[in-house]
Every structure is written in structure tokens, then in C-alpha cells.
């Protein structure tokens, strides 16, 4: 077997092991929730058309594999970050930006967490929360009107995650100022790029906005420096 084949098999093994670990954590969290509900109150018998289905750990959004809300619940259970997340949501609500994107999406580190063997979510320090307010305002007032509602693929990143993922040492993700986004609605890359560039040319300087356009329909927005790439 060649060195390249051995390396590929090794990477595949590590990814499968990491996936199994997160699925085990998810199962433990869901089991604890079921036990809690059984203790608190009786569980009503569901009608045949009300039988719940299993929730996915990974959501496929426009072709991108992202950690789901279910996996985020497992993250909160494992890290005991529920109180801090509630505090973050309350902060965003007080600033009028909680509804721009689902707040839990801001804690997604990226779409390659399995490859770099880092947690799919992380909580930013409270001191950095204000940095996200201006960016969410720009998304609400400038991005959404031209491309429609968006999903966050990558929000806050720890320095360790950013390093392993090959991010810039000056990445705005580590300041909780930048996000990687995709439109929720189907669109062509050509149309998306055209609309984003026009938006940035018109309003980018006023917002001190950074715009990065990546492959496919993934793009970056921050309000920490006027530039485009």
C-alpha cells in the first residue's frame, strides 16, 4: 500500500472515530432528557401520525455538512454552557439582533470540525460579544435584503480550531466579528457574487465591512475592516 493510501485510510479512521464520539455524547444527552421528562410528568401516548422521528446530528445545508441544533443540545449538556448561552441570547435580544440568525449558529466553529478534530461548537468570551452586534446589523440591513435569509456555517472560532483549519492568524472569527454564510434559498453563484459585490460597493465602507467570497455559495462578512477578497 502506498504512503498516500495509508494516510487516506488513517484520516478516514480518525474522522469515523470522532463522529462516533460525538454521536455517543448526543445519545447520552438525549437519554438524560428522556429520563428527566419521565420523572417530571407522564408521557402521553402518541397517535400513529405523531410518533417522533430521530433528529439528525448533522444538517446538510445547501450541500454543506454542518453540526445541527440537536448536536448543539449535546454540546450544552456536555459543557454545561446552557446558562452562558442563555445570557448570550439575552444580550443579542437587548441589542435587537437575536432574530437575524439563530443564535446557536453563531457558535458553529466551521464545517471541517471532524477533519481537524475540534469541537463543532465553542462559546466566545463575554468580552467579545459586542463585536458581533454590528456584524449582525449589517447582515440584517444590507445582506439579507439582497440575498435573502442566511445560515451561519462558521461563527466564533477558538485559536486552536482556527490554526488547525488553516485560518488566517488575524481571522475575524477569533474576534467574534466575522461569520461565514450561505443563503437559505437556492441561488446560483453568479447571481450571488453579483449581488454581494454591488452591496459591498454601495454600503461596505459605511459599515467598515469585509466581504470574502469563497467557492460555491459560501461567503464571509465582518465589520472589522473595509476590504474585499
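In our numbering, the protein residues as written are 12 to 240. C-beta atoms are modelled at their ideal positions from N, C-alpha and C, and glycine is treated no differently.
Asked	Found
Could you pull the DSSP bridge partners for residue 165 from this structure?	191
Assign residue 218 to one of two classes, buried (16 or more other C-beta atoms within 10 Å of its C-beta) or exposed (fewer than that).	buried
Quick check on the burial criterion: 16 or more other C-beta atoms within 10 angstroms. Buried or exposed for residue 213?	exposed
How would you call residue 221, buried or exposed, if buried means at least 16 neighbouring beta carbons within 10 angstroms?	buried
Could you check how far apart the C-beta atoms of residue 161 and residue 194 are, in whole angstroms? I think they sit under 8 Å.	6 Å
So if DSSP puts residue 132 in a beta bridge, which residue, or which two residues, is it bridged to?	119
At what residues does the beta strand (DSSP E) containing residue 158 begin and finish?	Counting along the chain, residue 158 falls outside any beta strand (DSSP E), though it belongs to the alpha helix (DSSP H) covering 155-158.
Could you say which of 233, 203 and 126 lies nearest to residue 216 if we only look at CA atoms?	233
Go through its chain and collect everything with a Cβ distance to residue 229's Cβ below 8 Å, but skip five positions before and after it.	75, 164, 191, 192 and 193
Within 10 angstroms of its Cβ, does residue 107 collect 16 or more other Cβ (buried), or is it exposed?	exposed
Tell me whether residue 153 is buried or exposed, calling it buried when 16 or more other Cβ atoms sit within 10 Å of its Cβ.	buried
Check the C-beta distance from residue 10 over to residue 231 and give it rounded, since I have them as a contact under 8 Å.	Absent from the model: residue 10. The displayed extent of the chain is 12 to 240, so no value can be given.
Between residue 84 and residue 68, how many whole angstroms is the CB-CB distance? I'm expecting something under 8 Å.	No, residue 84 and residue 68 are not in contact; Cβ-Cβ is about 10 Å, not under 8 Å.
In whole angstroms, what separates the C-alpha of residue 173 from that of residue 132?	12 Å
How many Å lie between residue 114 and residue 102 at the Cα?	11 Å
Go to residue 211, then tell me how far its alpha helix (DSSP H) extends in each direction, as first and last residue.	200-218
Evaluate residue 136 with the Cβ neighbour count: other Cβ atoms within 10 Å of its Cβ, from every protein chain shown; 16 or more gives buried, anything less gives exposed.	exposed
Under 7 Å Cβ to Cβ from residue 186, same chain only, skipping five residues before and after it: list those, please.	139, 142 and 235
Using a C-beta cutoff of 7 Å, does residue 149 count as contacting chain C?	No chain C appears in this structure, which consists of one protein chain only.
For residue 197, name the three-state secondary structure that DSSP assigns.	coil
Roughly how many whole angstroms lie between the Cα atoms of residue 151 and residue 170?	27 Å
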